[in-house]
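Asks: Before I ask anything, let me first share the structure, which is written out below as structure tokens.
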Amino acid sequence: MPELDLVAQVAETIYQLRPQRIEPIPPLFDWRGIFRIHDSRGNIWLLRLLRLPHAADAFMETGRMLQWLEQQQYPGPHLFTTQHQQIVGLLDGWASLLLSYVDGTVLDITSTDFALFGYTLGRLHSLPLPAGSSLRPSRWNPALLHAETARKLADRQDRVPASIQRFVAAMREALAPIVGHSHDLRLTHGDCWYKNAIKTADQGVVLIDWDRAGVGLPILDLGYLLLTSHYDLTQPFRVTADQEKIRAILRGYQAARPITYQERALLESAVQCAQAYHLGEYLEERSQMEADDPVLQKMQARFDAATSIAQIAVRYLSVQL
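Just so you know, we're using this note's numbering here: the sequence shown kicks off at 57 and counts up by one.
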């Protein structure tokens with residue numbers, strides 16, 4: 057991870073902060089670090105450092121989105137520019153992004169705030185894209201899913217064990233209705249699950265970690281939330297649909313943004329889409345795999361649960377008509 061001396065130097069020379077305490081936030085890597093900085097005035101900041109090709113470009117995109125969200129008065133981390141009014145700082149090969157620290161409680165699987173979470177996501181999807189928007193695509197962009205995920209699943213299907221091929225085929229089938237659909241694209245978060253949601257003191261829920269945000273299909277963001285809200289990380293191979301949680305998410309979401317008829321028709325594929333995306337990434341990384349691969353078993357459990365979750369969601373929405 058970046059040395060704390062480097063973190064202090066970035067804070068002082070690029071942002072003119074005087075750190076009193078620096079706290080690393082895991083997970084940390086030798087190419088990435090996230091740090092909570094307490095300054096001499098009692099303020100708390102979140103400093104992100106990245107040392108990768110195109111790191112500055114990635115941070116620039118994220119910073120612009122956060123600035124636009126602030127202009128829309130949408131709750132989220134606020135961007136703070138460098139002393140020279142730049143979105144991204146650069147020092148010794150490290151790109152930096154300075155944000156306000158969102159204080160509060162990170163949601164978990166047992167939280168009772170999923171209706172608020174749904175409302176926060178619905179508010180995001182209610183925002184119209186800026187005219188002539190050049191925002192990057194999110195991973196829930198149908199064109200990107202067609203060009204990347206669908207291609208990976210097709211290229212790799214014949215290279216996996218026979219017992220897994222049916223699973224890969226089911227993923228491709230789930231993805232098919234999505235990749236041909238481009239109606240009503242909006243800004244999507246791209247990684248909308250409870251670990252990226254903070255319950256704040258004013259009883260709202262704020263989304264953090266906007267690295268995967270961009271233009272995409274809102275229903276894929278919602279489908280991802282419906283699925284990931286059931287992820288018990290202590291039992292990765294067991295995913296059980298929770299009817300009340302599903303209803304709470306949908307109730308909160310629709311208080312901010314009605315779900316259209318077209319989106320309802322895509323809901324089952326939308327809940328399954330994340331597993332297709334993750335499987336495509338995993339297949340490309342692996343030259344060989346076995347049928348008892350634990351990662352594949354986890355994906356299978358989540359994919360199986362996605363159908364039940366989507367069916368409960370569709371029934372609930374049908375009653376609301």
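Backbone N, C-alpha and C define an ideal beta-carbon position, used for all residues, glycine too.
Given 8 Å as the limit, is there contact between the segment 355–370 and the segment 301–315, that is, 3 or more CB pairs closer than that?
Replies: Segments in contact, yes.
Asks: Under the three-state reduction of DSSP, which class applies to residue 308: helix, strand or coil?
Replies: Numbered from 1 along the sequence shown, position 252 holds the residue referred to as residue 308. It is helical.
Asks: Who pairs with residue 94 in a beta bridge, going by DSSP?
Replies: Along the sequence shown, read from residue 1 onward, the residue named residue 94 stands at position 38. According to DSSP, residue 94 bridges with 77, 100.
Asks: Comparing C-alpha positions only, which one of 315, 77, 337 sits nearest to residue 174?
Replies: In the sequence shown, counting from the first residue as 1, residue 174 sits at position 118. Per the Cα distances, 315.
Asks: To the nearest angstrom, report how far apart residue 105 and residue 241 are at their CA atoms.
Replies: Mapped onto the sequence shown, residue 105 falls at position 49. Mapped onto the sequence shown, residue 241 falls at position 185. Their Cα atoms are separated by approximately 30 Å.
Asks: Can you tell me where the alpha helix (DSSP H) with residue 176 in it begins and where it stops?
Replies: Translated into the one-based positions of the sequence shown, residue 176 becomes position 120. Here the alpha helix (DSSP H) through residue 176 covers 170–182.
Asks: Compute the Euclidean distance between the alpha carbons of residue 153 and residue 67, then round it to the nearest angstrom.
Replies: The sequence position of residue 153 within the sequence shown is 97, counting from 1. The sequence position of residue 67 within the sequence shown is 11, counting from 1. Straight-line Cα distance between these residues: approximately 10 Å.
Asks: Can you check the segment 94–151 for any alpha helix (DSSP H) of at least 4 residues that lies completely inside it and give the ranges in chain order?
Replies: Whole alpha helix (DSSP H) segments, 4+ residues: 111–127.
Asks: Verify whether the separation of the beta carbon atoms of residue 279 and residue 326 is less than 9 Å.
Replies: For the purposes of this step, residue 279 is taken as residue 223 along the sequence shown, with counting starting at 1. For the purposes of this step, residue 326 is taken as residue 270 along the sequence shown, with counting starting at 1. Yes.
Asks: Within its chain, find whatever has a CB closer than 7 Å to the CB of residue 312; leave out the 5 residues flanking it on each side and keep chain order.
Replies: Indexing the sequence shown from 1 puts residue 312 at position 256. Counting only Cβ-Cβ distances below 7 Å, and skipping sequence neighbours, we find 175, 178, 179, 182.
Asks: Please say whether residue 120 and residue 90 have beta carbons closer to each other than 9 Å?
Replies: In the sequence shown, residue 90 corresponds to position 34, counting from 1. In the sequence shown, residue 120 corresponds to position 64, counting from 1. Against a cut-off of 9 Å, the Cβ pair of residue 120 and residue 90 comes out as no contact.
Asks: Looking at C-alpha atoms only, which residue of 352, 110, 60, 318 is the closest neighbour of residue 384?
Replies: What the structure shows of the chain is the stretch from 57 to 377, and residue 384 is not part of that stretch, so it cannot be assessed.
Asks: By the DSSP assignment, the beta strand (DSSP E) with residue 242 in it spans what residues?
Replies: The residue you call residue 242 lines up with position 186 of the sequence shown. Where residue 242 is concerned, the enclosing beta strand (DSSP E) stretches over 242–244.
Asks: Using the C-alpha atoms, what's the distance from residue 218 back to residue 237?
Replies: Your numbering for residue 237 matches position 181 in the sequence shown. Your numbering for residue 218 matches position 162 in the sequence shown. About 31 Å.
Asks: Among all the DSSP beta bridges, which residues are the ones paired with residue 161?
Replies: For the purposes of this step, residue 161 is taken as the residue at position 105 of the sequence shown. Note: residue 161 sits in a beta bridge opposite 255.
Asks: CB-CB under 8 Å to residue 333, same chain, minus the five flanking residues each way: which ones, in chain order?
Replies: Locating residue 333 in the sequence shown gives position 277, where the first residue counts as 1. The residues are 195, 201, 205.
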